[in-house]
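A.B. asks:
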Amino acid sequence: MNPQRTNEAWLSDLRAEGDVRETAIADLRARLQRGLHFYLSHERSDLADRTNEELTQMAEDFAQEGLLRVLENLDSFRGDSMFTTWATKVAVRVAISEMRRARYRDFSLEALTENGDGKDLNLSMINGSPPDRPEVATEKQEAIEKIEHAIQAVLTPRQRAAMEALILEGVPLEVVADRLGTNRNALYKLVFDARRKLRLHLSEQGLSPEYILDLFED
Amino acid sequence: MKSREQRTTELITKMLKKHESGMDCSTCSEKMQCLAELKVNGGTPDERLAAVQRHIECCGCCAMEFKALVAILQMEHDAEGAS
């Protein structure tokens, strides 16, 4: 094992043939596995009930998957960090993405859009605070109607559901992206643009961010 | 179950309070390892990496991956220092 490889040596060895390549692959796999096992066992409180054998198996699986991803993308390494740091980043993303997808396996955007359609609650019940004075309650009601209209004007129902999932429910981007049939990057851009449009539309309706936050926050 | 009005209010207030970053997740990911190395080595980010930092501060997914990467690098850094 040669843990002191330079970036150039890693790239050269991983692109070589025969024993040189096999040794480099084994070294990189071991390094990724060690790092991932540390992460799973020290940084993930949600895995505290897993045995060491289970964590070791997870680290092995993620390291193997990460290694394949690294080998497929060697050409995208730009040399602006240590090669092993870049490879670790790739493997970390594989591991976290797989765990996110497993955790939200049963999540449904459709279920989200079906929820929250009740109209039977009044605004004083929303935040558990004492009832607003009538003029304040009216002002809030009018603002909410304008906000609803703005959302309908700017967002499709699926975009709204995606934003609710991301912002209200804390569902990870890539899980929502999977459900929408897109990717994490495209969804980030979509939400970024939607937020900008919504802010602009609301401001044009006389609802500045400061006014909305002042009206609805205690 | 929350009413639609309640969800609308929560959505808009949380959205307005959330920081925005013009950088997307792919661009952040391309440079994240540089910021992670800098953090472990105690350096100060330049403007390019400060933009990565801003994205990480407003993107939960990238923040989790960055934190994991830094934790692993720190472990390796400490292990190399001890040997």
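Going down the list, the sequences are from chains A and B.
Residues in the first sequence are numbered from 61 upward in steps of one, following this note's numbering.
Residues in the second sequence are numbered from 143 upward in steps of one, following this note's numbering.
Glycine included, C-beta positions come from ideal geometry on N, C-alpha and C.
Hey, would you say leucine 115 of chain A sits closer than 8 Å to leucine 107 of chain A, going by beta carbons?
C.D. replies: The count along the first sequence starts at 1 and reaches residue 115 of chain A at position 55. The count along the first sequence starts at 1 and reaches residue 107 of chain A at position 47. Yes, Cβ-Cβ distance for leucine 115 of chain A and leucine 107 of chain A is below 8 Å.
A.B. asks: Pairing CB atoms from the segment 205 to 213 of chain B with CB atoms from the segment 135 to 152 of chain A, are three or more of them under 8 Å?
C.D. replies: In short, these stretches touch, since the Cβ pair count reaches three.
A.B. asks: Check the Cβ-Cβ distances between arginine 165 of chain A and every residue of chain B, and say whether any is below 8 Å.
C.D. replies: Here the question's residue 165 of chain A lines up with position 105 in the first sequence. False, the Cβ-Cβ gap to chain B never drops below 8 Å.
A.B. asks: Grouping DSSP H, G and I as helix and E and B as strand, with all else coil, what is proline 60 of chain A?
C.D. replies: Outside the shown range of chain A (61 to 278) lies residue 60 of chain A, about which nothing can therefore be said.
A.B. asks: Could you check where the alpha helix (DSSP H) with valine 231 of chain A kicks off and where it finishes?
C.D. replies: Counted from its first residue, the first sequence places residue 231 of chain A at position 171. Note, valine 231 of chain A: premise wrong, no alpha helix (DSSP H); not H, not E.
A.B. asks: In chain A, what lies closer than 8 Å to leucine 158 of chain B by C-beta?
C.D. replies: Here the question's residue 158 of chain B lines up with position 16 in the second sequence. By Cβ distance, chain A contributes Arg259, Pro269, Ile272 and Leu273.
A.B. asks: What are the start and end residues of the alpha helix (DSSP H) that includes threonine 66 of chain A?
C.D. replies: Locating residue 66 of chain A in the first sequence gives position 6, counting from the first residue. No alpha helix (DSSP H) holds threonine 66 of chain A; DSSP gives it neither H nor E.
A.B. asks: Under 7 Å Cβ-Cβ, which residues of chain B neighbour glutamate 208 of chain A?
C.D. replies: One-based indexing of the first sequence puts residue 208 of chain A at position 148. Going along chain B in sequence order, the residues near glutamate 208 of chain A (Cβ under 7 Å) are Thr150.
A.B. asks: Indicate whether at least one CB of chain C lies closer than 8 Å to the CB of glutamate 189 of chain B.
C.D. replies: Absent from the structure: chain C. Protein chains present are A and B.
A.B. asks: Is lysine 160 of chain B buried or exposed, if buried means 16 or more other CB atoms sit within 10 Å of its CB?
C.D. replies: Here residue 160 of chain B corresponds to residue number 18 of the second sequence, with the count starting at 1. It counts as exposed.
A.B. asks: Is proline 187 of chain B helix, strand or coil when you go by DSSP?
C.D. replies: Mapped onto the second sequence, residue 187 of chain B falls at position 45. In this structure, proline 187 of chain B counts as coil in the three-state DSSP scheme.
A.B. asks: Are the C-beta atoms of glutamine 175 of chain B and some chain A residue less than 8 Å apart?
C.D. replies: In the second sequence, residue 175 of chain B corresponds to position 33, counting from 1. With 8 Å as the cut-off, glutamine 175 of chain B counts as an interface residue toward chain A.
A.B. asks: Is it buried or exposed for glutamate 264 of chain A, if we count other Cβ within 10 angstroms and need 16 for buried?
C.D. replies: Counting from 1 along the first sequence, the entry for residue 264 of chain A is found at position 204. With fewer than 16 other Cβ atoms within 10 Å, it is exposed.
A.B. asks: Taking just the CA atoms, how far does aspartate 166 of chain A sit from histidine 209 of chain A?
C.D. replies: Position 149 of the first sequence, counted from the start, is the residue given in the question as residue 209 of chain A. Position 106 of the first sequence, counted from the start, is the residue given in the question as residue 166 of chain A. Approximately 31 Å, taken between the alpha carbons.
A.B. asks: Quick one, which of B:Gln148, B:Cys167 and B:Ala178 has its alpha-carbon nearest cysteine 200 of chain B's?
C.D. replies: Along the second sequence, read from residue 1 onward, the residue named residue 200 of chain B stands at position 58. Of the listed residues, the one whose Cα sits closest to cysteine 200 of chain B is B:Cys167.
A.B. asks: Determine the closest residue to glycine 202 of chain B out of B:Asp188, B:Cys176, B:Asp220 and B:Ser171, with distance taken between C-alpha atoms.
C.D. replies: One-based indexing of the second sequence puts residue 202 of chain B at position 60. The candidate whose alpha carbon is nearest that of glycine 202 of chain B is B:Ser171.
A.B. asks: If you measure from the beta carbon of aspartate 166 of chain B to each beta carbon in chain A, is any gap under 8 Å?
C.D. replies: Counting from 1 along the second sequence, the entry for residue 166 of chain B is found at position 24. True, the Cβ-Cβ gap to chain A drops below 8 Å.
A.B. asks: Assuming aspartate 253 of chain A is part of the alpha helix (DSSP H), what are its boundary residues?
C.D. replies: For the purposes of this step, residue 253 of chain A is taken as the residue at position 193 of the first sequence. That run of the alpha helix (DSSP H) goes 244 to 264.
A.B. asks: Got a sec: which bits of the segment 117 to 145 of chain A sit with their beta carbon under 9 Å from any beta carbon on chain B, in order along the chain?
C.D. replies: Within the segment 117 to 145 of chain A, the residues whose Cβ lies closer than 9 Å to some Cβ of chain B are Ser136, Arg138, Asp140, Ser141, Met142, Thr144 and Thr145, listed in chain order.
A.B. asks: Which value, in whole angstroms, describes the spacing of the CA atoms of glutamate 82 of chain A and alanine 76 of chain A?
C.D. replies: Start at 1 with the first residue of the first sequence, and residue 82 of chain A comes out as number 22. Start at 1 with the first residue of the first sequence, and residue 76 of chain A comes out as number 16. Computed Cα separation, rounded: 9 Å.
A.B. asks: Among the residues of its own chain, which have a CB less than 7 Å from the CB of leucine 226 of chain A, if the five just before and after it don't count?
C.D. replies: As a position in the first sequence, residue 226 of chain A is number 166, starting the count at 1. So the qualifying residues of the chain are Leu233, Val236 and Val251.
A.B. asks: Among residues of its own chain, excluding the 5 on either side of alanine 84 of chain A, which ones have a beta-carbon nearer than 6 Å to its beta-carbon?
C.D. replies: Residue numbering aside, residue 84 of chain A sits at position 24 when the first sequence is read from its first letter. Answer for alanine 84 of chain A: Asp73 and Leu74, listed in chain order.
A.B. asks: Is it right to say glutamine 64 of chain A is buried, meaning 16 or more other beta carbons lie within 10 angstroms of its own, or is it exposed?
C.D. replies: Mapped onto the first sequence, residue 64 of chain A falls at position 4. Flag for glutamine 64 of chain A reads exposed.
A.B. asks: Could you work out which residue in A:Glu224, A:Leu273, A:Leu247 and A:Asp274 is closest to leucine 153 of chain B when comparing CA atoms only?
C.D. replies: Working through the second sequence from its first residue, we reach residue 153 of chain B at position 11. When each option's Cα is compared against that of leucine 153 of chain B, the closest is A:Glu224.
A.B. asks: What residues from chain B crowd round valine 152 of chain A, counting only those whose CB sits closer than 8 Å?
C.D. replies: The count along the first sequence starts at 1 and reaches residue 152 of chain A at position 92. Glu207, Ala210, Leu211 and Ile214, listed in chain order.
A.B. asks: Within a Cβ cutoff of 8 Å, which residues of the same chain sit near methionine 142 of chain A, ignoring the five residues on either side of it in sequence?
C.D. replies: Position 82 of the first sequence, counted from the start, is the residue given in the question as residue 142 of chain A. The residues are Asn67.
A.B. asks: At the level of alpha carbons, what is the spacing between glutamate 179 of chain B and phenylalanine 137 of chain A?
C.D. replies: On the second sequence, residue 179 of chain B is found 37 positions in, with the first residue counted as 1. On the first sequence, residue 137 of chain A is found 77 positions in, with the first residue counted as 1. Between glutamate 179 of chain B and phenylalanine 137 of chain A, the C-alpha separation is close to 15 Å.
A.B. asks: Can you tell me which of A:Arg244, A:Ile156, A:Glu132 and A:Asp109 puts its alpha carbon nearest to the alpha carbon of tyrosine 99 of chain A?
C.D. replies: For this step, residue 99 of chain A is matched to residue 39 along the first sequence. Among A:Arg244, A:Ile156, A:Glu132 and A:Asp109, the Cα nearest to that of tyrosine 99 of chain A belongs to A:Ile156.
A.B. asks: May I ask which residues mark the beginning and end of the alpha helix (DSSP H) holding glutamate 121 of chain B?
C.D. replies: Since the first residue of chain B shown is 143 and the last is 225, residue 121 of chain B is not available in this structure.
A.B. asks: Applying the criterion that 16 or more other CB atoms from any shown protein chain within 10 Å of the CB defines a buried residue, is histidine 197 of chain B buried or exposed?
C.D. replies: Translated into the one-based positions of the second sequence, residue 197 of chain B becomes position 55. Buried: at least 16 other Cβ atoms inside 10 Å.
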